[in-house]
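What follows is a short report on a single structure.
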Amino acid sequence: MAVNLKGKHLIGIKHLTPEEFVQYIQMAEALKRDYLAGYRNELLKNRTLAEIFQKPSLRTRVSFESAMTHLGGHGIYLGPEDIKLGQRETTEDIAKVLSGMCDVIMARVFKHEAILDLAKYATVPVINGLCDTEHPTQIIGDFLTIWEKYRKFEGLKMTYIGDGNNVCNSLIYGSALVGTHFTAICAPGYEPKAEVIRDAKAIAAKYNTGSTIEVSNNIDSVAGSDIVYTDVWASMGQEAEAEERKKIFMSYQITMPVFMKAKPTAIFMHCLPAHYGEEVVYEVGHCERSVIFDQAENRMHSIKAILVLLTH
Ligand code: CP
Ligand code: NVA
4 MAVNLKGKHL IGIKHLTPEE FVQYIQMAEA LKRDYLAGYR NELLKNRTLA
54 EIFQKPSLRT RVSFESAMTH LGGHGIYLGP EDIKLGQRET TEDIAKVLSG
104 MCDVIMARVF KHEAILDLAK YATVPVINGL CDTEHPTQII GDFLTIWEKY
154 RKFEGLKMTY IGDGNNVCNS LIYGSALVGT HFTAICAPGY EPKAEVIRDA
204 KAIAAKYNTG STIEVSNNID SVAGSDIVYT DVWASMGQEA EAEERKKIFM
254 SYQITMPVFM KAKPTAIFMH CLPAHYGEEV VYEVGHCERS VIFDQAENRM
304 HSIKAILVLL TH
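Numbering (my numbering), first residue to last: 4 to 315.
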């Protein structure tokens, strides 16, 4: 039975039930089918979305704005210089003002606490468009991509190689929700936080999904993977550490020989933007088993699903 998500916030994958997570994916698949068939509905007619961006974006911004336009609504971009979240005025006041004018708020922020504050004070749904701990809208699109390739989640082995960051965290929670086995292969000291692993294991146990969550420093642990996933070594806001991180992570680069250690049918995934020659070589990123552009496109379809489900 469908779960009613109207009026809820999307704070993180960690807070979802398996039913909610799968419902976003199923709705995204349905809306994608409609869109590709040339059918345009008006599910968000006359609705307005406020888009708060403290950081740059290509995919997330264009996905939200295209989603609103395709479904008959409108998105308002509020960049770092426009509202200066928490500097020009408080997050509480911004949340209350936007709630009086807009139907939904999405925010890409530095600190997760800013998402929690927006959600605390807003009377309309708040969507986390990336923070330091999670990137939920990315992961819903990614699991749509995995579904399209494998038609299942349970029992697949996903291996994430690189920095145990926001994307890695959300992938861990998503895997735990649907029974995907997850291994994070990270440079020593850059593994996902112990509490993330603990919480993900608790999710897998609570819903009895059978998902196992492993952490390794050994790149050979990629053997037998169905999915090989990576992300940048220095996330937005960590630019000052980029050079040092390049040295620390270089032995974790996904080259063709590394990718070949996974199953011969394995797919390569990256949330993008990619830094070719760092976390992955161009040859892997653009090989025929790479699904990076399917992932990017699926951002839009899944964001449509999120907007529709939170407002209906
Ligand atoms: N993957 C992703 O969130 O891309 P952008 O940073 O370009 O939005
Ligand atoms: N981990 C990256 C993801 C970008 C989509 C970052 O936070 O910059």
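For each residue, glycine too, the CB sits at the ideal point set by N, CA and C. A quick note: this is a predicted structure, and the numbers were derived from the prediction, not measured.
Span separating the alpha-carbon of residue i from that of residue j
{"i": "Ile200", "j": "Thr314", "result": "32 Å"}
{"i": "His12", "j": "Pro128", "result": "5 Å"}
{"i": "Gly280", "j": "Gly288", "result": "10 Å"}
{"i": "Leu310", "j": "Asp135", "result": "22 Å"}
{"i": "Met259", "j": "Tyr285", "result": "10 Å"}
{"i": "Ile3", "j": "Val170", "result": "One cannot answer for residue 3 here, as it falls past the ends of the chain, which runs 4 to 315."}
{"i": "Lys35", "j": "Gly144", "result": "11 Å"}
{"i": "Ala117", "j": "Ile16", "result": "17 Å"}
{"i": "Met272", "j": "Thr94", "result": "34 Å"}
{"i": "Ile216", "j": "Met104", "result": "42 Å"}
{"i": "Gly158", "j": "Gly89", "result": "43 Å"}
Beta-carbon proximity list for residue i, same chain, < 7 Å, skipping 5 on both sides
{"i": "Gly132", "result": "Thr63, Met109, Ala110, Arg111 and Thr140"}
{"i": "Ile206", "result": "Tyr176, Ala179 and Leu180"}
{"i": "Ile306", "result": "Ser66, Phe67, Ala70 and Thr140"}
{"i": "Ile142", "result": "Ile16, Ser173, Leu174 and Gly177"}
Pair within 8 Å by beta-carbon distance, residue i and residue j
{"i": "Ile86", "j": "Val107", "result": "no"}
{"i": "Thr148", "j": "Val294", "result": "yes"}
{"i": "Ser173", "j": "Glu137", "result": "yes"}
{"i": "Ala98", "j": "Leu61", "result": "no"}
{"i": "Ile28", "j": "Phe146", "result": "yes"}
{"i": "Trp236", "j": "Glu194", "result": "no"}
{"i": "Phe56", "j": "Gly165", "result": "no"}
{"i": "Gly102", "j": "Asn168", "result": "It should be noted that the sequence gives Ser, not Gly, for residue 102. Cβ distance not < 8 Å, so Ser102 and Asn168 don't count as in contact."}
{"i": "Ser214", "j": "Gly182", "result": "yes"}
The ligand CP heavy atom lying under 7 Å from the CB of residue i
{"i": "Cys274", "result": "yes"}
{"i": "Leu133", "result": "yes"}
{"i": "Arg64", "result": "yes"}
{"i": "Gln141", "result": "yes"}
{"i": "Leu61", "result": "yes"}
beta-carbon residue i near the ligand NVA non-hydrogen atom, thresh 7 Å
{"i": "Val225", "result": "no"}
{"i": "Asn172", "result": "no"}
{"i": "Asp229", "result": "no"}
{"i": "Met239", "result": "yes"}
{"i": "Val235", "result": "yes"}
{"i": "Asn220", "result": "no"}
{"i": "His138", "result": "yes"}
Proximal residues to residue i (C-beta, below 6 Å), its chain only, five neighbours per side dropped
{"i": "Leu46", "result": "Leu74 and Val311"}
{"i": "Leu8", "result": "Leu312 and Leu313"}
{"i": "Val218", "result": "Ala187 and Glu194"}
{"i": "Gly240", "result": "Phe113"}
Contacts around residue i, its chain only, beta-carbon distance under 8 Å, and the 5 residues preceding and following it disregarded
{"i": "Trp150", "result": "Ile28, Glu32 and Phe156"}
- request: Taking 8 Å as the threshold, find out whether the segment 254-271 comes into contact with the segment 220-232 through three or more Cβ pairs.
  value: yes
- request: Report yes or no: do three or more beta-carbon pairs, one from the segment 51-60 and one from the segment 76-95, lie closer than 8 Å?
  value: With a cut-off of 8 Å, the segment 76-95 and the segment 51-60 count as touching, because enough Cβ pairs lie within range.
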